[in-house]
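Numbering (the working numbering), first residue to last: 6 to 217.
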């Protein structure tokens with residue numbers, strides 16, 4: 006599978022205009038496919054409820070900023086400052102139950118080195134902040150790549166991760182992504198989008214195809 010690299014000039018020189026509202030461009034339209042309710046009036050998951058949350062449509066807290074990723078064709082979010090800068094994304098689910106989260110993420114150095122700038126913090130609805138070393142799931146020896154990766158919680162042991170248990174009710178929800186590691190140039194943790202779904206096998210390439 007061929008994945009797509011980030012715009013080196015933009016990220017190395019940071020000749021991009023920050024945009025807090027992030028409404029300049031998006032990669033695709035949201036796809037929310039929930040349906041109906043059961044006889045009790047409660048939301049029913051007769052069809053998986055899946056939607057994409059583009060980083061360039063979220064709310065940014067500096068030093069998190071937007072920059073244009075040339076190979077993706079739209080703005081993505083990143084911060085060069087360790088432990089600083091957030092991206093807030095809001096969404097509504099039409100049914101309750103286990104929720105799965107996936108990210109469109111940039112990794113400059115593939116493999117399981119926990120010292121690379123390839124990790125983020127993530128919290129949902131003001132809950133516990135999870136540490137997500139997503140770079141542990143990328144390919145060793147393959148650098149400068151975009152990946153669709155599932156949200157996992159770091160156990161604090163090497164690259165060991167566990168899937169988080171996200172059993173959310175129907176309704177409005179908020180995800181906050183916070184930068185974790187220092188970045189420089191293209192060696193930075195960057196996020197293009199999150200996908201939230203009740204389907205663990207959702208086709209992520211329907212939102213942005215990394216196989217082309």
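Beta carbons: idealized from backbone N, C-alpha and C, even for Gly.
How would you write the range of the beta strand (DSSP E) that residue i sits in, first residue to last?
{"i": "residue 152", "result": "150-155"}
{"i": "residue 56", "result": "55-59"}
{"i": "residue 89", "result": "From DSSP, residue 89 is part of no beta strand (DSSP E); its letter is neither H nor E."}
{"i": "residue 113", "result": "Residue 113 -> no beta strand (DSSP E), and no H or E assigned at all."}
{"i": "residue 202", "result": "195-202"}
{"i": "residue 66", "result": "64-66"}
{"i": "residue 70", "result": "70-74"}
{"i": "residue 131", "result": "Per DSSP, residue 131 belongs to no beta strand (DSSP E) and is neither H nor E."}
{"i": "residue 145", "result": "Unbroken run through residue 145: none, as it is neither H nor E."}
{"i": "residue 99", "result": "It is not in any beta strand (DSSP E) - residue 99 carries neither H nor E in the DSSP assignment."}
{"i": "residue 185", "result": "Residue 185 -> no beta strand (DSSP E), and no H or E assigned at all."}
Going by other Cβ atoms of all chains shown within 10 Å of its Cβ, with 16 needed for buried, is residue i buried or exposed?
{"i": "residue 99", "result": "buried"}
{"i": "residue 32", "result": "Unreliable placement is indicated for residue 32, whose pLDDT of 48 sits below 50; no coordinate value is reported for it."}
{"i": "residue 162", "result": "exposed"}
{"i": "residue 202", "result": "buried"}
{"i": "residue 167", "result": "exposed"}
{"i": "residue 57", "result": "buried"}
{"i": "residue 72", "result": "buried"}
{"i": "residue 80", "result": "buried"}
{"i": "residue 131", "result": "exposed"}
{"i": "residue 213", "result": "buried"}
Under the three-state reduction of DSSP, which class applies to residue i: helix, strand or coil?
{"i": "residue 163", "result": "coil"}
{"i": "residue 18", "result": "Any reading at residue 18 is ruled out, since the residue's pLDDT is 29, under 50, leaving its predicted position unreliable."}
{"i": "residue 105", "result": "strand"}
{"i": "residue 212", "result": "coil"}
{"i": "residue 124", "result": "coil"}
{"i": "residue 140", "result": "helix"}
{"i": "residue 78", "result": "coil"}
{"i": "residue 118", "result": "coil"}
{"i": "residue 207", "result": "coil"}
{"i": "residue 190", "result": "coil"}
I'd like the list of long-range same chain contacts for residue i, defined as Cβ closer than 7 Å, with 5 residues on each side in sequence excluded.
{"i": "residue 189", "result": "85"}
{"i": "residue 209", "result": "107, 153, 200"}
{"i": "residue 96", "result": "56, 58, 178, 201"}
Excluding the 5 residues flanking residue i on each side, which residues of the same chain have their C-beta closer than 6 Å to its C-beta?
{"i": "residue 125", "result": "137, 182, 185, 194"}
{"i": "residue 63", "result": "27, 92, 93, 94"}
{"i": "residue 205", "result": "105"}
{"i": "residue 141", "result": "117, 164"}
{"i": "residue 171", "result": "104"}
Got a sec? Which residues, its chain only, sit under 8 Å from residue i by beta carbon, not counting five neighbours each side?
{"i": "residue 207", "result": "53, 55, 105, 107, 200"}
{"i": "residue 87", "result": "184, 185, 186, 187"}
{"i": "residue 160", "result": "166, 167"}
{"i": "residue 196", "result": "60, 81, 82, 83, 92, 108, 109, 110, 111, 125, 182"}
- Inspect the CB distances between the stretch 169-179 and the stretch 145-155 and report whether three or more fall short of 8 Å. no
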